[in-house]
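Colleague:
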Amino acid sequence: MCFNIKRIYVHRSRYDEFVDRFKAAVDEIVVGDGLHPESTIGPLNNRRQWESVRALVAETERQGGNVDVLGRAHSEARWDEGYFMLPSVITGVGQEATVVGCEQFGPTVPVLPFDDEDQAVRMANDTDFGLAASVWSTDVDHALTVGRRIEAGSVFVNSHRVGSSDMTMPFGGMKRSGLGRNHGMWAIDECSELQALSHRPDTSAFPGPPTD
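Everything in the sequence shown is counted per our numbering, starting at 27 for the first residue and increasing by one.
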């Protein structure tokens with residue numbers, strides 16, 4: 027049910043520029059107590075997930091990917107008392123990499139280049155999951171056209187966060203993502219049991235049309 031961004035595709039002509047600016051932004055993240063006003067992100071939820079993400083990052087490095095660990099720990103963070111992890115940006119991996127095909131549920135994200143629109147759509151759809159996606163472009167009409175080709179229950183244009191879709195719009199996933207549809211009138215349907223109540227009276231009381 028989480029629609030955080032799991033992977034990013036960027037046209038090759040803008041790839042290096044995007045990666046540099048994205049890494050600069052990620053490097054501003056402060057990891058610490060989630061209740062501290064100076065913390066950007068807190069720890070992971072539990073030890074099992076913390077170990078899972080650490081193993082995923084290590085596997086990515088073994089597969090030859092570039093893992094740039096960025097950000098900083100908050101000065102007051104008791105690092106050994108929580109499942110803290112600095113964020114990382116992954117480059118130099120292909121579509122077949124584990125970190126690209128899975129749902130990381132942790133502060134690491136791969137960035138991959140594409141050469142044309144058809145390739146980008148194929149790569150975006152090459153997954154068992156399809157809860158939400160986003161298309162970013164100065165040409166909104168074109169972005170909407172591309173969005174219709176993406177196999178996801180929600181596709182946002184130039185936005186990807188809580189509130190990207192109106193609460194009256196249906197929210198749910200395709201493939202192995204999501205649980206039905208909620209929000210708006212669809213939520214009422216999902217929370218209701220449909221019942222058909224039928225009464226078939228004695229047909230002898232309602233003779234049919236004359237036969238002669």
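Each residue gets a CB set at the ideal place from its N, CA and C atoms; glycine is no exception.
Where does I214 fall in DSSP's three states?
Modeller: If DSSP states are grouped into helix, strand and coil, I214 belongs with the helices.
Colleague: Among residues of its own chain, excluding the 5 on either side of D42, which ones have a beta-carbon nearer than 6 Å to its beta-carbon?
Modeller: Nothing meets the Cβ criterion.
Colleague: Using the rule of at least 16 other Cβ atoms within 10 Å of the residue's Cβ for burial, across every protein chain shown, is I31 buried or exposed?
Modeller: Exposed, by the Cβ-count rule.
Colleague: Do V56 and S65 have their C-beta atoms within less than 8 Å of each other?
Modeller: Yes, they are a contact pair.
Colleague: Over the uninterrupted beta strand (DSSP E) stretch that includes L82, give me the two end residues.
Modeller: Per DSSP, L82 belongs to no beta strand (DSSP E); it is in the alpha helix (DSSP H), 73-88.
Colleague: I need the straight-line Cα distance from E87 to V45, nearest angstrom please.
Modeller: Cα to Cα, the separation comes out at about 18 Å.
Colleague: Roughly how many angstroms separate the alpha carbons of W162 and V125, rounded to a whole number?
Modeller: Computed Cα separation, rounded: 22 Å.
Colleague: Please list the terminal residues of the continuous beta strand (DSSP E) segment that includes L138.
Modeller: Its beta strand (DSSP E) spans residues 134-140.
Colleague: Quick check: the Cα distance between D94 and V83, rounded to an integer number of angstroms?
Modeller: Going from the Cα of D94 to the Cα of V83 covers about 10 Å.
Colleague: What residue from E177, R98, D154 has the CA that sits closest to S3's CA?
Modeller: This structure gives no information on residue 3, because the portion of the chain shown stretches from 27 to 238.
Colleague: Can the beta-carbon of E129 be found less than 8 Å from the beta-carbon of D59?
Modeller: Contact flag unset, no.
Colleague: Which class does N151 belong to by DSSP, given the choice of helix, strand or coil?
Modeller: The answer is helix: DSSP assigns N151 an H, G or I state.
Colleague: Leaving out the 5 sequence neighbours to the left and right, which residues in its chain are closer than 8 Å to M149 when beta-carbon positions are compared?
Modeller: The residues are Y35, Q121, L138, F140.
Colleague: Can you give the Cα-Cα distance for W212 and P196, rounded to whole angstroms?
Modeller: Each residue's Cα considered, the two are about 6 Å apart.
Colleague: For S180 and R202, what's the separation of their Cα atoms in angstroms?
Modeller: Using only the alpha carbons, I get a separation of about 14 Å.
Colleague: What's the call for V166, buried or exposed, on a 16-neighbour Cβ count within 10 Å?
Modeller: Per the 10 Å Cβ criterion, exposed.
Colleague: What would DSSP say about H168, mapped onto helix, strand or coil?
Modeller: DSSP places H168 in helix when its eight states are reduced to three.
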